[in-house]
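This report concerns only the one structure given below.
In this note's numbering, the protein residues as written are -5 to 155.
Right, dumping it as structure tokens:
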């Protein structure tokens, strides 16, 4: 059983800053035994006056990381690597999420397990590198602690004053 303090950790503590960039809630999903790849998801907000570009990702659990785009064209789902990375325009927030832009951790050396975290490094063209931790959620599930994805039935959840 988890200690009470761990089970009630605030999600807002899972954000990172790098210069004018804010990285919100990096997360991944648990993978089945034998899986060779895992996805990574997060948000990046550019508070600066110049565009920057996410150009690389690496993690402790994989041999390599890539930045990918998933799209549906004429009913056909495609996934492709973005070799030039992903631009974050000034004042823009991009969301890497299932079915859209995302990170791929390839050649897994360890299986991400629900409730654990693994270390990763994001590299931006201008801002440089930032170390982050990816929280692992259940297989096939959405992250349990996203504050910016609507209410999920918690309309009165923040009125405890």
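Ideal Cβ placement from N, Cα and C applies to all residues, glycine included. Small disclaimer: the values here were computed from a predicted structure and weren't measured.
Cβ-Cβ distance between residue i and residue j below 7 Å
i	j	result
residue 66	residue 97	no
residue 22	residue 106	yes
residue 15	residue 121	yes
residue 112	residue 54	yes
residue 109	residue 126	no
residue 119	residue 47	yes
residue 56	residue 90	no
Local conformation of residue i per DSSP, three classes
i	result
residue 8	coil
residue 85	coil
residue 76	coil
residue 19	strand
residue 98	strand
residue 133	coil
residue 109	coil
residue 32	strand
residue -5	Reliability fails at residue -5, whose pLDDT of 42 lies under 50, so the model's placement of it is uncertain and no value is given.
residue 25	coil
residue 125	strand
residue 43	coil
residue 55	coil
For residue j and residue i, the rounded distance between their alpha carbons
i	j	result
residue 88	residue 44	15 Å
residue 131	residue 28	18 Å
residue 156	residue 70	Missing from the structure shown is residue 156; the chain here goes from -5 to 155 and no further.
residue 26	residue 116	25 Å
residue 24	residue 34	11 Å
residue 82	residue 39	7 Å
residue 30	residue 129	18 Å
residue 133	residue 104	15 Å
residue 100	residue 77	15 Å
Cutoff 8 Å; reference residue i; Cβ partners in own chain excluding five residues on either side
i	result
residue 9	16, 17, 18 and 19
residue 41	14, 15, 16 and 85
residue 79	47, 48, 49, 50, 61 and 119
Exposure of residue i, with buried meaning 16 or more beta-carbon neighbours within 10 Å
i	result
residue 59	buried
residue 32	buried
residue 1	Annotation note: pLDDT 36 at residue 1 (below 50); position unreliable, no value reported.
Cβ neighbours of residue i in the same chain (closer than 6 Å, five flanking residues each side left out)
i	result
residue 62	73, 75, 96 and 98
residue 12	121 and 124
Chain-order list of residues whose beta-carbon lies under 7 Å from that of residue i (same chain, five-residue window excluded)
i	result
residue 94	64
Check: residue i C-beta below 6 Å from any heavy atom of the ligand NAP
i	result
residue 97	With respect to the ligand NAP, the structure shown offers nothing to examine, as it has no ligands at all.
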